[in-house]
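4 protein chains.
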Amino acid sequence: MLIVMRHGATRDEVEKVISVIEEMGYQAQPMPGVQRTAVGLVGNDGRVDASRLEGLPGVHEVIHVSQPYKQVSREWKADATVVRLGGGAGGVAFGGTEVVAIAGPCSVESERQIVEAARQVKEAGAVVLRGGAWKPRSSPYSFQGLGKPGLRLLAKAREETGLLICTEAMDETGLGWVAEMADIVQIGARNMQNFSLLKVAGRCGKPVLLKRGISATVQELLLSAEYLLAEGNHDVILCERGVRGFDPATRNLFDLTAIPVVHKL
Amino acid sequence: MLIVMRHGATRDEVEKVISVIEEMGYQAQPMPGVQRTAVGLVGNDGRVDASRLEGLPGVHEVIHVSQPYKQVSREWKADATVVRLGGGAGGVAFGGTEVVAIAGPCSVESERQIVEAARQVKEAGAVVLRGGAWKPRSSPYSFQGLGKPGLRLLAKAREETGLLICTEAMDETGLGWVAEMADIVQIGARNMQNFSLLKVAGRCGKPVLLKRGISATVQELLLSAEYLLAEGNHDVILCERGVRGFDPATRNLFDLTAIPVVHKL
Amino acid sequence: MLIVMRHGATRDEVEKVISVIEEMGYQAQPMPGVQRTAVGLVGNDGRVDASRLEGLPGVHEVIHVSQPYKQVSREWKADATVVRLGGGAGGVAFGGTEVVAIAGPCSVESERQIVEAARQVKEAGAVVLRGGAWKPRSSPYSFQGLGKPGLRLLAKAREETGLLICTEAMDETGLGWVAEMADIVQIGARNMQNFSLLKVAGRCGKPVLLKRGISATVQELLLSAEYLLAEGNHDVILCERGVRGFDPATRNLFDLTAIPVVHKL
Amino acid sequence: MLIVMRHGATRDEVEKVISVIEEMGYQAQPMPGVQRTAVGLVGNDGRVDASRLEGLPGVHEVIHVSQPYKQVSREWKADATVVRLGGGAGGVAFGGTEVVAIAGPCSVESERQIVEAARQVKEAGAVVLRGGAWKPRSSPYSFQGLGKPGLRLLAKAREETGLLICTEAMDETGLGWVAEMADIVQIGARNMQNFSLLKVAGRCGKPVLLKRGISATVQELLLSAEYLLAEGNHDVILCERGVRGFDPATRNLFDLTAIPVVHKL
Chain A
259 MLIVMRHGAT
269 RDEVEKVISV
279 IEEMGYQAQP
289 MPGVQRTAVG
299 LVGNDGRVDA
309 SRLEGLPGVH
319 EVIHVSQPYK
329 QVSREWKADA
339 TVVRLGGGAG
349 GVAFGGTEVV
359 AIAGPCSVES
369 ERQIVEAARQ
379 VKEAGAVVLR
389 GGAWKPRSSP
399 YSFQGLGKPG
409 LRLLAKAREE
419 TGLLICTEAM
429 DETGLGWVAE
439 MADIVQIGAR
449 NMQNFSLLKV
459 AGRCGKPVLL
469 KRGISATVQE
479 LLLSAEYLLA
489 EGNHDVILCE
499 RGVRGFDPAT
509 RNLFDLTAIP
519 VVHKL
Chain B
259 MLIVMRHGAT
269 RDEVEKVISV
279 IEEMGYQAQP
289 MPGVQRTAVG
299 LVGNDGRVDA
309 SRLEGLPGVH
319 EVIHVSQPYK
329 QVSREWKADA
339 TVVRLGGGAG
349 GVAFGGTEVV
359 AIAGPCSVES
369 ERQIVEAARQ
379 VKEAGAVVLR
389 GGAWKPRSSP
399 YSFQGLGKPG
409 LRLLAKAREE
419 TGLLICTEAM
429 DETGLGWVAE
439 MADIVQIGAR
449 NMQNFSLLKV
459 AGRCGKPVLL
469 KRGISATVQE
479 LLLSAEYLLA
489 EGNHDVILCE
499 RGVRGFDPAT
509 RNLFDLTAIP
519 VVHKL
Chain C
259 MLIVMRHGAT
269 RDEVEKVISV
279 IEEMGYQAQP
289 MPGVQRTAVG
299 LVGNDGRVDA
309 SRLEGLPGVH
319 EVIHVSQPYK
329 QVSREWKADA
339 TVVRLGGGAG
349 GVAFGGTEVV
359 AIAGPCSVES
369 ERQIVEAARQ
379 VKEAGAVVLR
389 GGAWKPRSSP
399 YSFQGLGKPG
409 LRLLAKAREE
419 TGLLICTEAM
429 DETGLGWVAE
439 MADIVQIGAR
449 NMQNFSLLKV
459 AGRCGKPVLL
469 KRGISATVQE
479 LLLSAEYLLA
489 EGNHDVILCE
499 RGVRGFDPAT
509 RNLFDLTAIP
519 VVHKL
Chain D
259 MLIVMRHGAT
269 RDEVEKVISV
279 IEEMGYQAQP
289 MPGVQRTAVG
299 LVGNDGRVDA
309 SRLEGLPGVH
319 EVIHVSQPYK
329 QVSREWKADA
339 TVVRLGGGAG
349 GVAFGGTEVV
359 AIAGPCSVES
369 ERQIVEAARQ
379 VKEAGAVVLR
389 GGAWKPRSSP
399 YSFQGLGKPG
409 LRLLAKAREE
419 TGLLICTEAM
429 DETGLGWVAE
439 MADIVQIGAR
449 NMQNFSLLKV
459 AGRCGKPVLL
469 KRGISATVQE
479 LLLSAEYLLA
489 EGNHDVILCE
499 RGVRGFDPAT
509 RNLFDLTAIP
519 VVHKL
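Protein chains in written order, with this note's numbering: chain A, 259 to 523; chain B, 259 to 523; chain C, 259 to 523; chain D, 259 to 523.
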């Protein structure tokens, strides 16, 4: 962590920053510059509370050098995470070298519709069927999904086709049902920072597909994933679904370059 | 609703759109243009399902003329909504001509801290005290709030100062406690589209302060408010808290002009 | 064009809109709705001045159905535009089925550097060499390019390798030199709406590579291209170079889906 | 400047960074951390070329502590800049304690229109009249302004009302005329990073109103102003005109908080 002082900060202000860093149990390393002085905080284990330093007189800015996430990082675990589902010949692995497709309709509407859709996506090469039993809809007057009966129709489609199923949970109660019946629990973009839901998902015992929020940074996405890992769930699949842009020409702005950035971090 | 046909759409394609509109129980009004034909759907009561029309051959775009929200609109209720809290001399009215201030610390940390903060914000002119008992934090390793004991400390500060209290609820269980103990239930920016939580808040019997999501459009904000009204809660206070911008020079981009836009709609 | 009236607009206000449309020489087609009335303007040839209608009492919004660009659109010219450079065996075609690569350093720095870079990019499969002789730099204190001598070094690299060359022009004077010496004139992202420069580029007699502005919509990009076509230059190559996003994790947000949108329009 | 090493960077990689910093003539100050090592570059006078350090093996990131602009900063000149126009009783000062208004129509259309508009804005309290003689328009088919005759009409309106005049220049030729006839030369949002034009404006001898680009950061705005100062023009008026947002509910997103940020920097 680097504490950057204002241009013209007094010697006393710099001394105060140093003594607070030392009080907190870290080492302070002053770096005088031509424009301004900065003070390095050495030995940061990721638990330093910056707010105490930000409020000191003469402080211009606190720059974080460490990343706030841990278990999701390559620095914690250098190897790629592979999430395996299903066993034997029908097994599916996310995060390996193979590209696997999840496909299906927006919502589950009827048995006929979902079974037919399942057959089509299977034929087209998908290995997991998606379809909403609960749909987060901007308007309270839009169709909100069939709910629990929708889950049963998805299970039926799985039976008929052998596809695995992935569907969204919107709250704690629904998440219990989804975790029981589906193969992958989906957390939608609008709930990416619904931390209460993330904690429950982190204990649900099923892989979680975490969709990136419509204007979440990569760091926020990784921190939301960290909520799942911190609760013991390491089977996390991240989903880039596009962010909100300024151009109405496309509904979402697909952030392709976020993918290698996430892979690297 | 206006169905805009592709340049070069055939006469049959236009006829098909007209007949679908009529099947849906509305009137169709074709408008041939030099570049392309459009078909007006007359008599839209806000319940038309556009997806059926969007999928027809030759259709370029469906343009919505009606707004998707109802009870929050001026067209439903022309007068301004005034939310009144407290009675007698200490009463507070949001949405009237007076500007009322809600102030307080980010989190409730201790009795001494919150009571002292309450005294200061009262002296500075605030009429409602805010402070988080539950804090939605990007990182699972950041302080998440004192929880229920935090609510009791807020109640203590109210007792000592006479201020009303407003605090955030992050899930159904917490919302029950907040609605019981606080004067205003806050729904945070990250939960603006947590529709399960909105439905519970719509039935909680207390005024709700709904914060705009970090990249929510005005229409989405109004639709989230509509969730509350649709459940019977008309005491909704909207909060512009800034949106996510591209410039790291400010943490949030305060969208001042959204305020008159919301007032007008 | 569709003129949407306010909810509660009077019959007189609607009549006034109709009579103005007729005065302008078009046909008006009123479409009464449950929530509000809309009036279609029939026969729009793309030259209607909306501002006259927007200011009329009772008008809520004017919705454009026609696109403002013409010559760049598929509706004007259905076939893909192929820009051909060089002749014979070394010929290059942009916009056809082949993927062609333009590559090279940010700036031209020295003969040795640019010739060496040219050799490397040629070996790697590029057919056009890029490199800035003039560099638009955010800071006046950053290296601004070698200017005209940089053009000569590019020509030297072309001679040595047979690659075609593409380089940016920042103003009218520089554009003359670039058009004379380079094979493709580049208009940079910051100048995408420098309309004076676009007009000059439209008359320069060389193909133009037009980079999308850092927060230009697809429509604005196409309209800037229209400036070039309107001056008679049909050899326009559009470049998606990423837009400005909110996430500091990547410098630019590459808008992949803009490409099929542009192809379609 | 702080050079942050990758987690797991070797001792040799750190040593290399240190020796390069010393070769460049600065002092290196290594700061070992628990997660990673950082190396401070001490004595940065704002001319350090970061690219040389960014490319070294083991380097994760280079963080800039110094600001890239100089003459526009409070650190260069602590006092507020006051731009004075006109003399005697009719004098106007931008940047002082008074709020002064510039107002007028989008374009100059005719003598009658601009003189009438001038009278109205004067009556409403404005001290400077604006109105475009050249208009940067997204479409080549939109009205582009009257050009030089428009300047004469503005001068006529000044004569009639005593208002000062401010109008936009779009290229070098036009800027000469505008500087000759107007009191303030306007650089529009689309040309904020037209550096060739900024250099000319920096030598034009008249105050410049520099509008913020539609998605320019505060730092980019200040650097564009720096172009003007670097050419000797210290009479720069910055204009916050709103940035591009994601919500079609408002045309521009007025960035109110940018104003105190700019004042502070």
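Built from N, CA and C at the ideal position, the CB exists for glycine as well.
- About 22 Å separates the beta carbon of glycine 446 of chain A from that of glycine 490 of chain A, a gap too long to meet the 8 Å contact definition.
- With respect to the C-alpha of methionine 259 of chain B, the residue from C/Ser277, C/Arg294, C/Glu281 and C/Ala267 having the closest C-alpha is C/Arg294.
- With a cut-off of 8 Å on Cβ pairs, the segment 319-339 of chain B is in contact with the segment 277-297 of chain C, counting three or more such pairs.
- In the three-state reduction of the DSSP assignment, serine 396 of chain A falls in the coil class.
- A Cβ-Cβ separation of about 6 Å places leucine 511 of chain D in contact with aspartate 513 of chain B under the 8 Å criterion.
- Rounded to the nearest angstrom, the Cβ distance from alanine 391 of chain D to threonine 425 of chain D is 5 Å, consistent with a contact under 8 Å.
- Neighbours of isoleucine 472 of chain B across chain A, judged by C-beta separation under 8 Å: Ser473.
- Neighbours of phenylalanine 504 of chain C in chain A, taken as residues whose beta carbon is under 8 Å from its own, are Ser473, Thr475 and Val501 in chain order.
- Rounded to the nearest whole angstrom, the C-alpha separation of glutamine 285 of chain A and methionine 282 of chain D is 28 Å.
- Under DSSP, glutamine 287 of chain A forms a beta bridge with A/Gly298.
- In chain C, no part has a C-beta under 7 Å from the C-beta of threonine 339 of chain A; the shortest such distance is about 19 Å.
- Beta-bridge annotation (DSSP): leucine 468 of chain B is paired with B/Ile445 and B/Leu496.
- Contact annotation: valine 341 of chain C and glycine 354 of chain C have beta-carbon atoms that are not nearer than 7 Å.
- Distance from the CA atom of serine 473 of chain C to the CA atom of arginine 502 of chain C, rounded to whole angstroms, is 6 Å.
- For glutamate 319 of chain D, the secondary structure class from DSSP, reduced to helix, strand or coil, is strand.
- Residue nearest to arginine 499 of chain D within the set D/Leu409, D/Glu367, D/Cys462 and D/Met450 is D/Met450 (criterion: CA-CA distance).
- A buried status is given to isoleucine 495 of chain D, since no fewer than 16 other beta-carbon atoms sit within 10 Å of its beta-carbon.
- Setting aside the 5 residues that flank it on each side, serine 482 of chain D is surrounded in the same chain by Met450, Gln451, Leu456 and Leu468, each with a C-beta closer than 7 Å to its C-beta; the list follows chain order.
- Around the beta-carbon of cysteine 364 of chain C, fewer than 16 other beta-carbon atoms lie within 10 Å, marking it exposed.
- Within the DSSP bridge table, the entry for isoleucine 423 of chain C names C/Leu387 as partners.
- Only residues of its own chain outside the window of five on either side were considered, and among them Met439 have a CB closer than 8 Å to the CB of arginine 410 of chain A, listed in chain order.
- Judged by their CB atoms, phenylalanine 401 of chain A and proline 394 of chain B are not nearer to each other than the 7 Å cut-off.
- Of the residues assessed, valine 357 of chain D falls on the exposed side of the cut-off, its CB having fewer than 16 other CB atoms within 10 angstroms.
- Taking a beta-carbon distance threshold of 7 Å, leucine 511 of chain C counts as an interface residue toward chain A.
- Sequence-distant Cβ neighbours of glycine 301 of chain B in its own chain, meaning closer than 6 Å and more than five residues away, are Tyr284 and Gln285.
- Around valine 385 of chain C, the same chain offers Val350 and Val358 as residues with beta carbons nearer than 6 Å, after the five sequence neighbours per side are excluded.
- Residue environment for isoleucine 279 of chain B: buried (at least 16 other C-beta atoms within 10 angstroms of its C-beta).
- At a cut-off of 7 Å, the C-beta of glycine 301 of chain A has a neighbouring C-beta in chain D.
- The C-alpha of proline 518 of chain A is placed about 15 Å away from the C-alpha of arginine 470 of chain A.
- Secondary structure of methionine 263 of chain B (DSSP, three-state): strand.
- If you look at alanine 488 of chain B, you'll find it in the alpha helix (DSSP H) that goes 476-488.
- For aspartate 270 of chain A, the secondary structure class from DSSP, reduced to helix, strand or coil, is helix.
- Minimum Cα-Cα distance from glycine 434 of chain C among the listed residues C/Arg448, C/Gly463, C/Thr419 and C/Asp337 corresponds to C/Gly463.
- At a cut-off of 7 Å between beta-carbon atoms, methionine 428 of chain A makes contact with chain B.
- Annotation for aspartate 307 of chain C: no residue places its beta carbon closer than 6 Å to its own, counting only its chain and skipping 5 residues before and after.
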